[in-house]
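*Asks:* Residue numbers for the sequence shown follow full-length UniProt numbering, so the first one is 1 and each next one is one higher.
I am attaching a structure below and will ask some questions about it afterwards.
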Amino acid sequence: MGLCSSKRRHTAELTGDEIEAIRDVWIRAKNNNVGKKILQTLIEKRPKFAEYFGIQSESLDIKALNQSKEFHLQAHRIQNFLDTAVGSLGFCPISSVYDMAHRIGQIHFYRGVNFGADNWLVFKRVAVDQVTLGFSDTISDPMENGMVKKDEHIPDFYSDENCLARLGWNKLMTVIVREMKRGFLEEAMRNCKEEDNNVLFNG
Numbered sequence: 001m002g003l004c005s006s007k008r009r010h011t012a013e014l015t016g017d018e019i020e021a022i023r024d025v026w027i028r029a030k031n032n033n034v035g036k037k038i039l040q041t042l043i044e045k046r047p048k049f050a051e052y053f054g055i056q057s058e059s060l061d062i063k064a065l066n067q068s069k070e071f072h073l074q075a076h077r078i079q080n081f082l083d084t085a086v087g088s089l090g091f092c093p094i095s096s097v098y099d100m101a102h103r104i105g106q107i108h109f110y111r112g113v114n115f116g117a118d119n120w121l122v123f124k125r126v127a128v129d130q131v132t133l134g135f136s137d138t139i140s141d142p143m144e145n146g147m148v149k150k151d152e153h154i155p156d157f158y159s160d161e162n163c164l165a166r167l168g169w170n171k172l173m174t175v176i177v178r179e180m181k182r183g184f185l186e187e188a189m190r191n192c193k194e195e196d197n198n199v200l201f202n203g
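Here it is, written out as structure tokens:
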């Protein structure tokens, strides 16, 4: 199935201005190692995320994470998925992004990754925050290979430009998370039915 092949329709379509704002912010974010920032922040807020992503480290501080190959791999996957999603906006139907998210949810089921409702919300909020922060609240420390180093500046979340970007990213991540959850739950239900059928015919 190609990226643009889905015909499923969804509500809350992004406007042209929102798509443009999403792209503009994303260019800055991806050049500032946003995948690492998202994953690092997730682990800081909920250390359990390290386990979800298969990151085995004696410590979860910045330096220890930076030495973890799995951390870099998972951060790359997060950033690559978002880059693909943003790159398709305006060129493919928005439903193609949802199809990708749905597939990731299915993969999560088979890998035994079940975030739980509260952790899905944390993931969405962290992704929106880190992508739309730009360069106003963090700087990249070359010694930390792109990891987050806190600055004293407070980001202007409420500038006109950033408000539009945050609105667009919030809408995008809301439907992405929804489709990831849906993919996970549908696969779980399908497997439950298969197990029930096996018991029925083999019991």
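Note that beta-carbon positions come from the ideal geometry of N, C-alpha and C, so glycine has one too.
Below 6 Å CB to CB, which residues in the same chain sit around residue 189 once its five sequence neighbours on both sides are set aside?
*Replies:* As a working mapping, residue 189 is identified with position 189 in the sequence shown. Closer than 6 Å at Cβ, skipping near neighbours: no residue.
*Asks:* Looking only at C-alpha atoms, which of 34, 96, 119 and 191 sits nearest to residue 77?
*Replies:* Locating residue 77 in the sequence shown gives position 77, where the first residue counts as 1. Nearest C-alpha to residue 77: 34.
*Asks:* So, do the region 61 to 69 and the region 80 to 100 have three or more beta carbon pairs nearer to each other than 8 Å?
*Replies:* As far as the Cβ criterion goes, the region 61 to 69 does not touch the region 80 to 100, which means the pair count is below three.
*Asks:* Output needed for residue 47: all residues of its chain with C-beta closer than 8 Å, excluding positions within five of it in sequence on either side, in chain order.
*Replies:* Within the sequence shown, residue 47 is the residue found at index 47, counting from 1. These residues qualify, in order along the chain: 60.
*Asks:* To test your reading of the DSSP string, which unbroken beta strand (DSSP E) runs of 3 or more residues are found completely within the region 54 to 93?
*Replies:* Counting only runs of 3 or more, we get nothing.
*Asks:* Please return the same chain residues whose Cβ sits closer than 8 Å to the Cβ of residue 206, not counting the five positions on each side in sequence.
*Replies:* There is simply no residue 206 to check, as the chain begins at 1 and stops at 203 in what is shown.
*Asks:* How about residue 53 and residue 114: do their beta carbons lie closer than 8 Å?
*Replies:* One-based indexing of the sequence shown puts residue 53 at position 53. One-based indexing of the sequence shown puts residue 114 at position 114. It is not a contact, given that the beta carbons lie outside the stated cut-off.
*Asks:* For residue 75, collect the residues of the same chain with a Cβ closer than 7 Å to its Cβ; drop the 5 residues on either side in sequence, then sort them by chain order.
*Replies:* As a position in the sequence shown, residue 75 is number 75, starting the count at 1. Around residue 75: 35, 36 and 39.
*Asks:* Does the separation of the CB atoms of residue 106 and residue 187 fall below 8 Å?
*Replies:* In the sequence shown, residue 106 corresponds to position 106, counting from 1. In the sequence shown, residue 187 corresponds to position 187, counting from 1. Their beta carbons are under 8 Å apart, which means residue 106 touches residue 187 by this criterion.
*Asks:* Among residues of its own chain, excluding the 5 on either side of residue 132, which ones have a beta-carbon nearer than 7 Å to its beta-carbon?
*Replies:* Along the sequence shown, one-based indexing puts residue 132 at 132. Answer for residue 132: 25, 162, 165, 166 and 169, listed in chain order.
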